[in-house]
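These notes are about the structure you will find just below.
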Amino acid sequence: MNCTDFLAQLTDYFDGQIDRDLLAQVQAHVRECHHCEVVLDTTRQTISIYREHEIYEFPAELRERLHAAIMKKCRGGR
Amino acid sequence: MPAIQSPVTDEIHPDVALVERAKRGDTAAFEQLVRQYERQIFRVAQHITQNREDAEDITQDAFLKAYEKLDQFQGNSKFSTWLVRIAVNESLMRLRKRKTSKTVSMDQDVQTEDGSIPRDFAEWRPNPEQIYGQGELGDILRKAIQGLPPGFRTVFTLRDVENLSTEETAEALGLSVPAVKSRLLRARLQLRERLSRHFRQKNGGPKP
Numbered sequence: 041m042n043c044t045d046f047l048a049q050l051t052d053y054f055d056g057q058i059d060r061d062l063l064a065q066v067q068a069h070v071r072e073c074h075h076c077e078v079v080l081d082t083t084r085q086t087i088s089i090y091r092e093h094e095i096y097e098f099p100a101e102l103r104e105r106l107h108a109a110i111m112k113k114c115r116g117g118r
Numbered sequence: 272m273p274a275i276q277s278p279v280t281d282e283i284h285p286d287v288a289l290v291e292r293a294k295r296g297d298t299a300a301f302e303q304l305v306r307q308y309e310r311q312i313f314r315v316a317q318h319i320t321q322n323r324e325d326a327e328d329i330t331q332d333a334f335l336k337a338y339e340k341l342d343q344f345q346g347n348s349k350f351s352t353w354l355v356r357i358a359v360n361e362s363l364m365r366l367r368k369r370k371t372s373k374t375v376s377m378d379q380d381v382q383t384e385d386g387s388i389p390r391d392f393a394e395w396r397p398n399p400e401q402i403y404g405q406g407e408l409g410d411i412l413r414k415a416i417q418g419l420p421p422g423f424r425t426v427f428t429l430r431d432v433e434n435l436s437t438e439e440t441a442e443a444l445g446l447s448v449p450a451v452k453s454r455l456l457r458a459r460l461q462l463r464e465r466l467s468r469h470f471r472q473k474n475g476g477p478k479p
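Residue numbers (my numbering), protein chains in the order written: chain R, 41 to 118; chain P, 272 to 479.
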């Protein structure tokens with residue numbers, strides 16, 4: 041497996057949808073290629089950092105205001 | 272290796288009953304669905320439009336539209352996926368209105384190969400100061416995602432922020448599964464490059 045093949049498998053790898061044979065090839069490539077090892081590690085961090093941090097606030101006041109506006113529109117609409 | 276995947280379940284989703292009640296005119300049932308998903312819909316709209324006022328309008332419009340079109344919801348997909356699809360369409364429409372000279376669609380900027388090949392091979396890791404510091408991490412994450420083309424930003428938001436499955440993301444966006452996978456790869460790689468600039472500089476040298 042070369043670096044291009046590695047990239048092509050990256051999405052399935054993270055989604056846990058890679059078959060066992062290809063997974064072994066990805067793991068073998070990463071052991072040999074430091075660049076791809078870094079890409080794998082930092083891409084994994086990129087995904088988890090966005091999963092773990094709410095980057096936009098949704099304060100209770102906004103939520104209540106929005107909720108009331110939605111329900112007012114719906115009740116008036118149908 | 273942690274697989275990043277949504278759980279798959281064959282059980283009947285509790286939303287099904289709520290939707291059925293709402294279809295028969297039970298506003299309280301619909302209100303429960305609103306409570307359940309208002310945060311998610313707001314977050315999706317804000318990620319795509321990058322604008323809080325737009326996100327507020329879109330959240331209201333999306334729920335109103337869902338309420339009005341409830342009879343058209345066949346239950347072939349999850350209610351939440353259907354709702355997200357409405358919110359995504361509203362968000363992209365809003366972007367189109369805002370940038371009158373520029374077309375905004377799921378296809379924009381996806382032709383270019385830009386950002387699909389990794390260039391930065393420095394190891395990085397956000398330091399504790401960045402993670403726990405006053406809003407710095409949030410600023411970095413917001414700026415990085417703002418810089419993505421809308422088509423990539425939308426796929427990344429649904430798949431990685433909202434944790435929809437690849438299939439649900441495809442359904443919500445009206446894209447094929449391979450198209451979602453290819454955009455997701457490029458979105459993730461582009462974001463990785465952008466974050467690398469911040470986390471590597473900060474960790475590697477003295478603070479400016």
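Virtual Cβ for every residue (Gly too), placed ideally from N, Cα, C. No experiment lies behind these values; they were computed from the predicted model shown.
Contact set between residue i and chain R, taken where Cβ atoms lie within less than 7 Å
{"i": "Ser467 of chain P", "result": "Thr82"}
{"i": "Tyr403 of chain P", "result": "Per Cβ cutoff of 7 Å: no residues; Tyr403 of chain P is ~11 Å from chain R at best."}
For residue j and residue i, the rounded distance between their alpha carbons
{"i": "Gly475 of chain P", "j": "Gln401 of chain P", "result": "Only weak support exists for where Gly475 of chain P lies, its pLDDT of 47 falling under 50; the value from the coordinates is given anyway. Their Cα atoms are separated by approximately 13 Å."}
{"i": "His318 of chain P", "j": "Gly296 of chain P", "result": "32 Å"}
{"i": "Leu63 of chain R", "j": "Phe54 of chain R", "result": "11 Å"}
{"i": "Val287 of chain P", "j": "Arg310 of chain P", "result": "20 Å"}
{"i": "Asp61 of chain R", "j": "Leu80 of chain R", "result": "18 Å"}
{"i": "Arg396 of chain P", "j": "Val290 of chain P", "result": "44 Å"}
{"i": "Arg463 of chain P", "j": "Ala299 of chain P", "result": "43 Å"}
{"i": "Pro449 of chain P", "j": "Glu324 of chain P", "result": "33 Å"}
{"i": "Thr44 of chain R", "j": "Thr86 of chain R", "result": "20 Å"}
{"i": "Lys112 of chain R", "j": "Ile58 of chain R", "result": "47 Å"}
Contacts of residue i in chain P (Cβ-Cβ under 8 Å)
{"i": "Phe98 of chain R", "result": "Arg310, Phe313, Arg314"}
{"i": "Leu106 of chain R", "result": "Glu309, Phe313, Glu327, Thr330, Gln331"}
Collapsed DSSP secondary structure at residue i in the structure displayed
{"i": "Leu429 of chain P", "result": "helix"}
{"i": "Trp395 of chain P", "result": "coil"}
{"i": "Pro479 of chain P", "result": "The predicted model places Pro479 of chain P with a pLDDT of 42, which falls under 50 and marks its position as unreliable, so this point remains unresolved."}
{"i": "Lys414 of chain P", "result": "helix"}
{"i": "Asp59 of chain R", "result": "coil"}
{"i": "Gln321 of chain P", "result": "coil"}
{"i": "Lys446 of chain P", "result": "The amino acid at residue 446 of chain P is misidentified as Lys; the sequence shows Leu. The answer is coil: DSSP assigns Leu446 of chain P none of H, G, I, E or B."}
{"i": "Gln345 of chain P", "result": "coil"}
{"i": "Phe98 of chain R", "result": "coil"}
{"i": "Met111 of chain R", "result": "helix"}
{"i": "Glu282 of chain P", "result": "coil"}
Chain C residues whose Cβ lies nearer than 7 Å to that of residue i
{"i": "Ala109 of chain R", "result": "Included in the structure are the protein chains R and P, with no chain C among them."}
Chain P residues whose Cβ lies nearer than 7 Å to that of residue i
{"i": "Gln59 of chain R", "result": "Contrary to the premise, residue 59 of chain R reads as Asp rather than Gln in this sequence. By Cβ distance, chain P contributes nothing, its closest Cβ being about 13 Å from Asp59 of chain R, past 7 Å."}
Closer than 8 Å at the beta carbon, the chain R residues around residue i
{"i": "Glu394 of chain P", "result": "Val78, Asp81, Thr82"}
Are at least three pairs of beta-carbons, each pair with one atom in the stretch 320 to 328 of chain P and one in the stretch 339 to 354 of chain P, less than 8 Å apart? Under the Cβ criterion (8 Å, minimum of three pairs), the stretch 320 to 328 of chain P does not count as touching the stretch 339 to 354 of chain P.
Would you check if there are 3 or more beta carbon pairs closer than 8 Å linking the stretch 426 to 446 of chain P to the stretch 81 to 96 of chain R? Yes, the stretch 426 to 446 of chain P is in contact with the stretch 81 to 96 of chain R.
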